[in-house]
Amino acid sequence: MKLTCEEAKHIALLARLGMSEAEVEKFMVQLSHILENFEILNLVDTSGLSPTAQTVALQNVFRADEPRPSYPVEDVM
82 MKLTCEEAKH IALLARLGMS EAEVEKFMVQ LSHILENFEI LNLVDTSGLS PTAQTVALQN
142 VFRADEPRPS YPVEDVM
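Taken in order, the sequence shown gives residues 82 to 158; the numbers are from our numbering.
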């Protein structure tokens, strides 16, 4: 997807980026390249795949909740 100069300026404005004309041109080329890569990813057939929220089966590791004595109030205050 080829961005126009006006679209690049609008995106920069939304992102609160102050850019010179040279920076806008560079931003336009770089963002166009990124969007072209996403267009390639859109061609991948994912119809047989279910959506995933997490791709790696991780679980939180918690320590045992054991009561312990705390500091005396006089020492803490």
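The C-beta atom is built at its ideal place from N, Cα and C for all residues, glycine as well.
Original post:
At which residues does the alpha helix (DSSP H) containing residue 83 begin and terminate?
Top reply: Following the DSSP letters along the chain, one finds residue 83 in no alpha helix (DSSP H), marked with neither H nor E.
**OP:** Put residue 67 into one of helix, strand or coil per three-state DSSP.
**Re:** Residue 67 lies beyond the residue range present for the chain, which begins at 82 and ends at 158; the question has no answer from this structure.
**OP:** Would you check if the distance between the CB atom of residue 85 and the CB atom of residue 109 is smaller than 9 Å?
**Re:** yes
Original post:
In this structure, does DSSP put residue 109 in helix, strand or coil?
Top reply: helix
**OP:** With a threshold of 16 other CB atoms inside 10 Å of the CB of residue 89, please say whether the residue is buried or exposed.
**Re:** buried
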